[in-house]
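Asks:
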Amino acid sequence: GAGVSQSPRYKVAKRGQDVALRCDPISGHVSLFWYQQALGQGPEFLTYFQNEAQLDKSGLPSDRFFAERPEGSVSTLKIQRTQQEDSAVYLCASSSTLATGGGREQYFGPGTRLTVT
Amino acid sequence: GQQVMQIPQYQHVQEGEDFTTYCNSSTTLSNIQWYKQRPGGHPVFLIQLVKSGEVKKQKRLTFQFGEAKKNSSLHITATQTTDVGTYFCAGPGSGGYQKVTFGTGTKLQVIP
Chain A
1 GAGVSQSPRY KVAKRGQDVA LRCDPISGHV SLFWYQQALG QGPEFLTYFQ NEAQLDKSGL
61 PSDRFFAERP EGSVSTLKIQ RTQQEDSAVY LCASSSTLAT GGGREQYFGP GTRLTVT
Chain B
1 GQQVMQIPQY QHVQEGEDFT TYCNSSTTLS NIQWYKQRPG GHPVFLIQLV KSGEVKKQKR
61 LTFQFGEAKK NSSLHITATQ TTDVGTYFCA GPGSGGYQKV TFGTGTKLQV IP
């Protein structure tokens, strides 16, 4: 079946612009994660959804970052008034498990590379 | 906060040599996962370890979870050029739910 897809794959934004990044998880996966990965670093957790509920947003770096998953499937990560430090790859991952404590494997999408100029 | 460190940060090996990366957590982990990320790619799940002292093998890869569940290792026997990439361990983050904290990663380069 289809894996996790993300769009756009690349996004160049001028400083101050708003951007919206889309994630289509694997069908039926209840858990959805967003990560930010800077060059040469590991993925950094941003937020977690269980179905449509955003249960953890502790990793969002500022109130310019907003994520939603209104129908429990597709998710959008929005960044307002982008800054240069927002430049990174934004990864989405989904998982079939509901279990707490780390759950099971996550299936990652290809990521969106955001460059803020 | 919780930290997950990996050593070494980089490793260059000759094809056919063995490779090991070590993962150390500042807190006890209920489980640990390992992911591989090829250059330009996204993380791909390799395995999850749950039990203290657990050892799992996948062909040339051997994964181990420490007795105290604060450390883990990945050993690759007789590396191949297809093993090139960055290997991350990942464990449950503090704060509940399914937050996952990724390690700092070990970048493996295999010289043919």
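Those sequence lines, one after another, are chains A and B.
With this note's numbering applied, the first sequence closes on residue 117, and no number is skipped along the way.
With this note's numbering applied, the second sequence closes on residue 112, and no number is skipped along the way.
Note that CB positions come from ideal geometry on N, CA and C, so glycine has one too.
#1: Per DSSP, which residues does Arg48 (chain B) bridge with? Please list them.
#2: Leaving out five residues before and five after Gln37 (chain B) in sequence, what residues of the same chain have Cβ atoms less than 6 Å from its Cβ?
#3: With burial defined as no fewer than 16 other Cβ atoms inside 10 Å of the residue's Cβ, what is the status of Ile7 (chain B): buried or exposed?
#4: What runs of the beta strand (DSSP E), each 3 residues or longer, lie entirely inside the stretch 40-85 of chain B?
#5: Which residue marks the beginning of the beta strand (DSSP E) containing Asn24 (chain B), and which one marks its end?
#6: Taking DSSP's pairing of strands, which residues face Ala38 (chain A) in a bridge?
#7: Any Cβ of chain A within less than 7 Å of the Cβ of Phe88 (chain B)?
#8: If we count the other Cβ atoms within 10 Å of its Cβ and call it buried at 16 or more, is Lys14 (chain A) buried or exposed?
#9: Could you check the C-alpha separation between Gly41 (chain B) and Ser73 (chain B) for me, to the nearest Å?
#10: Is any heavy atom in the ligand FMN found nearer than 6 Å to the beta carbon of Pro110 (chain A)?
#11: In whole angstroms, give me the CA-to-CA distance for His12 (chain B) and Asp83 (chain B).
#12: Grab the span of the beta strand (DSSP E) containing Asp56 (chain A) for me, first residue to last.
#13: Any contact between the stretch 40-59 of chain A and the stretch 10-30 of chain B? By contact I mean 3 or more CB pairs, one from each, below 8 Å.
#14: Using the beta-carbon count (16 or more within 10 Å), is Tyr10 (chain B) buried or exposed?
Replies: This is what the structure holds:
#1: Reading the sequence as shown, one finds Gln at residue 48 (chain B) and not Arg. Answer is B:Gln33, bridged to Gln48 (chain B).
#2: Pro43, Gly85 and Thr86
#3: Burial call: exposed.
#4: 44-49, 55-58, 61-65 and 71-76
#5: Phe19 to Ser25
#6: Partner(s): none; Ala38 (chain A) has no beta bridge.
#7: yes
#8: exposed
#9: Gly41 (chain B) and Ser73 (chain B): Cα-Cα distance of roughly 23 Å.
#10: Absent from the structure shown: the ligand FMN. Ligands present: none.
#11: 11 Å
#12: Ala53 to Asp56 is the span of the beta strand (DSSP E), which, as asked, contains Asp56 (chain A).
#13: no
#14: exposed
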